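Asks:
Numbering (UniProt numbering), first residue to last: 1 to 290.
#1: Could you have a look at residue 158 and say whether DSSP puts it in helix, strand or coil?
#2: Determine whether the beta carbon atoms of residue 261 and residue 190 lie at a separation below 9 Å.
#3: Go ahead and pull the three-state DSSP assignment for residue 264.
#4: List the whole-angstrom C-beta distance separating residue 163 from residue 129, where the pair is believed to meet the contact cut-off of C-beta under 8 Å.
#5: What does DSSP give as the partner residue(s) for residue 143 in the beta ladder?
#6: Mark residue 146 as exposed unless 16 or more other C-beta atoms lie within 10 angstroms of its C-beta, in which case mark it buried.
#7: Restricting to runs no shorter than 3 residues, where is the beta strand (DSSP E) found entirely within the region 211-252?
#8: Go through its chain and collect everything with a Cβ distance to residue 213's Cβ below 6 Å, but skip five positions before and after it.
#9: Would residue 179 pass as a contact of residue 254 if the rule is Cβ separation under 9 Å?
#10: How far does the alpha helix (DSSP H) with residue 296 in it extend, from its first residue to its last?
#11: Starting from residue 51 and walking both ways along the alpha helix (DSSP H), at which residues does that stretch end?
#12: Mark residue 28 as exposed unless 16 or more other C-beta atoms lie within 10 angstroms of its C-beta, in which case mark it buried.
#13: Alpha carbons only, please: which of 227, 21 and 73 is nearest the one belonging to residue 51?
#14: Please list the terminal residues of the continuous alpha helix (DSSP H) segment that includes residue 29.
#15: Give me, in chain order, the residues of the same chain whose beta-carbon lies closer than 7 Å to that of residue 246; leave out the 5 immediate sequence neighbours on both sides.
#16: Can you look up residue 73 in the DSSP assignment and give me helix, strand or coil?
#17: With a 10 Å radius around its C-beta and 16 neighbouring C-beta atoms as the bar for buried, classify residue 225 as buried or exposed.
#18: Identify the continuous alpha helix (DSSP H) that holds residue 40 and give its terminal residues.
#19: Considering Cα atoms alone, identify which of 181, 264, 200 and 75 is closest to residue 12.
#20: Does DSSP put residue 184 in a helix, in a strand, or in coil?
#21: By how many angstroms is the C-alpha of residue 222 removed from the C-alpha of residue 77?
#22: Looking at C-alpha atoms only, which residue of 61, 55, 8 and 232 is the closest neighbour of residue 36?
#23: Closer than 8 Å by C-beta to residue 136: which residues in its own chain qualify, once you throw out the five before and the five after it? Chain order, please.
#24: With distances taken between CB atoms, is the gap from residue 192 to residue 152 smaller than 9 Å?
#25: Measuring CA to CA, which of 54, 250, 69 and 207 is closest to residue 39?
#26: Go through its chain and collect everything with a Cβ distance to residue 82's Cβ below 7 Å, but skip five positions before and after it.
#27: In whole angstroms, what is the alpha-carbon distance linking residue 100 and residue 234?
In structure tokens:
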């Protein structure tokens, strides 16, 4: 199975424990506005992190690069991948497409994405997010973007059954600001945002954070700028042999999360499910075979 290379952000996170204090300070600085923060001159990068230029050189070498120019070349390739549109992504895949059938190539890519994503997920962070979502004394708001609104809708539908106080902020609505009126300190906002990150989503995250909301972010391997305001971030790898990105990895994470939240809230969830089924029966919503 072909394994996709790690992003520099993933390398930084993986190597964090082995870095010196100054190198950790540099890593934090680079991740704050990643990947743009690493594209300035070496002097500017060092100054922004309040470290020396030799510290920058040493850390990029620890990450496996021959030097700072090599490090920046890798960052530029990542940035190009982030902003590439569906047509250019398709052309890239066509030029390098293997002879194997698309079903095999696509499955291979998705399984590789899942494997690599799972190595990056901290189980304690996952458990923390589930516990946050199970706090029924706090409301939950869910929002997605142009593409990820399908994931947001799926997550919302299940979470709404599991617990009360869940709202779906319609991503295409120009009235999303109105939802901010309802946010109270401690409430949770679940945000889905992948590359070609949406400006309105970033603004909403910032404003929600200012009101005391806690944010759970689902994003890609390059990390949405919303990461700056998130309490918990899940990065799913999304690249596949297609003009479109894959949602399979993020879907895996949210389905596992739905299952865990239901375990935490099962007494409430069971009662809500029974009541919902009773209403379905009364409305004859589903066809029954007797």
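Just so you know, even glycine gets a beta-carbon here, dropped at the ideal spot from N, CA and C. All values reported here derive from a predicted model rather than from experimental measurement.
Replies: Looking at the coordinates:
#1: As a first step, residue 158 is located in the chain shown; it is residue number 158 there, counting from the start. The three-state secondary structure of residue 158, taken from DSSP, is helix.
#2: Residue numbering aside, residue 261 sits at position 261 when the chain shown is read from its first letter. Residue numbering aside, residue 190 sits at position 190 when the chain shown is read from its first letter. No, the pair does not count as a contact, with Cβ atoms beyond the cut-off.
#3: On the chain shown, residue 264 is found 264 positions in, with the first residue counted as 1. Correct three-state label for residue 264: helix.
#4: Along the chain shown, one-based indexing puts residue 163 at 163. Along the chain shown, one-based indexing puts residue 129 at 129. Contact flag wrong, Cβ pair sits at about 14 Å.
#5: Position 143 of the chain shown, counted from the start, is the residue given in the question as residue 143. Bridge pairing for residue 143: 169 and 191 [DSSP].
#6: The residue given as residue 146 occupies position 146 in the chain shown. Within 10 angstroms of the beta-carbon of residue 146 lie fewer than 16 other beta-carbons, which makes it exposed.
#7: Note on the region 211-252: whole beta strand (DSSP E) runs with a minimum of 3 residues are 214-219 and 232-235, in chain order.
#8: Taking the first residue of the chain shown as position 1, residue 213 is located at position 213. Within the same chain, Cβ atoms closer than 6 Å to the Cβ of residue 213 are found at 183, 187 and 189, the five residues on either side in sequence being excluded.
#9: Within the chain shown, residue 179 is the residue found at index 179, counting from 1. Within the chain shown, residue 254 is the residue found at index 254, counting from 1. Going by beta carbons, residue 179 and residue 254 fall outside the 9 Å limit.
#10: Lying before the first or after the last residue shown, residue 296 is absent from the chain, which here runs from 1 to 290.
#11: Taking the chain shown and counting its residues from 1, one reaches residue 51 at position 51. Counting along the chain, no alpha helix (DSSP H) covers residue 51, and no H or E run does either.
#12: By one-based count along the chain shown, residue 28 stands at place 28. So residue 28 counts as exposed.
#13: Stepping through the chain shown from its first residue, residue 51 is reached at position 51. Nearest of 227, 21 and 73 to residue 51, Cα basis: 21.
#14: The count along the chain shown starts at 1 and reaches residue 29 at position 29. In the DSSP assignment, residue 29 falls within the unbroken alpha helix (DSSP H) covering 21-32.
#15: Mapped onto the chain shown, residue 246 falls at position 246. Closer than 7 Å at Cβ, skipping near neighbours: 110, 113, 238 and 240.
#16: Counting from 1 along the chain shown, the entry for residue 73 is found at position 73. If DSSP states are grouped into helix, strand and coil, residue 73 belongs with the helices.
#17: Numbered from its first residue, the chain shown carries residue 225 at position 225. Around the Cβ of residue 225, a 10 Å sphere holds 16 or more other Cβ atoms; the residue is buried.
#18: For the purposes of this step, residue 40 is taken as the residue at position 40 of the chain shown. Counting along the chain, no alpha helix (DSSP H) covers residue 40, and no H or E run does either.
#19: Residue mapping note: residue 12 aligns to position 12 of the chain shown, counting from 1. Looking at the Cα atoms, 75 is the closest of the given residues.
#20: Start at 1 with the first residue of the chain shown, and residue 184 comes out as number 184. Residue 184 carries a coil assignment under DSSP once its states are collapsed to helix, strand and coil.
#21: Taking the first residue of the chain shown as 1, we reach residue 77 at position 77. Taking the first residue of the chain shown as 1, we reach residue 222 at position 222. Separation of residue 77 and residue 222 (C-alpha to C-alpha, rounded to the nearest whole angstrom) is 11 Å.
#22: The residue labelled residue 36 in the question sits at position 36 within the chain shown. Looking from the CA of residue 36, the closest CA among 61, 55, 8 and 232 belongs to 8.
#23: By one-based count along the chain shown, residue 136 stands at place 136. The beta carbon of residue 136 lies closer than 8 Å to those of 163, 164, 165, 265 and 268 in the same chain, with the five residues before and after it left out.
#24: Working through the chain shown from its first residue, we reach residue 192 at position 192. Working through the chain shown from its first residue, we reach residue 152 at position 152. Yes. Within cutoff.
#25: Indexing the chain shown from 1 puts residue 39 at position 39. Put simply, of 54, 250, 69 and 207 the residue whose alpha carbon is nearest the alpha carbon of residue 39 is 69.
#26: The residue labelled residue 82 in the question sits at position 82 within the chain shown. Excluding sequence neighbours, residue 82 sits near 195 and 222.
#27: Taking the first residue of the chain shown as 1, we reach residue 100 at position 100. Taking the first residue of the chain shown as 1, we reach residue 234 at position 234. Their Cα atoms are separated by approximately 31 Å.
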